[in-house]
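Asks: So that we are looking at the same thing, I have put the structure below in structure tokens.
Residue numbers (the numbering used here): 21 to 106.
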């Protein structure tokens, strides 16, 4: 398919080209931040034992110890329409 045909199809369907960005890189201080978050959550749960009933857990991530990437959770951004997300 030619470039112009692809452009016409995209425009006809109101689709926008996207770039795949892997945005969940781990950094050195992430471990400390996770511990701080856990400490904070534990304090909040002591104050409000029903807190976890008010949090929605979407179970959308798949974490692995290998270098495999869970691509069904990637964010899609459009250069043309910055408000569009998949």
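Even for Gly, the Cβ is constructed at its ideal location relative to N, Cα and C.
From residue 21 to residue 65, what distance separates their C-alpha atoms?
Replies: Reading the chain shown from its first residue, position 1 is the one you call residue 21. Reading the chain shown from its first residue, position 45 is the one you call residue 65. So the alpha carbons of these two residues sit roughly 57 Å apart.
Asks: Once DSSP output is grouped into helix, strand and coil, what is the label at residue 66?
Replies: As a working mapping, residue 66 is identified with position 46 in the chain shown. If DSSP states are grouped into helix, strand and coil, residue 66 belongs with the helices.
Asks: Can you name, in chain order, every residue of its own chain whose Cβ lies under 7 Å from the Cβ of residue 71, other than the five neighbours on each side?
Replies: In the chain shown, the residue the question calls residue 71 occupies position 51. Excluding positions up to five away in sequence, the list reads 64, 65.
Asks: Looking at the unbroken alpha helix (DSSP H) that takes in residue 75, where does it start and where does it end?
Replies: Position 55 of the chain shown holds residue 75. Per DSSP, residue 75 belongs to no alpha helix (DSSP H) and is neither H nor E.
Asks: Between residue 32 and residue 59, what straight-line distance do the alpha-carbon atoms span, to the nearest angstrom?
Replies: Locating residue 32 in the chain shown gives position 12, counting from the first residue. Locating residue 59 in the chain shown gives position 39, counting from the first residue. Rounded to whole angstroms, residue 32 to residue 59 spans 51 Å at the Cα level.
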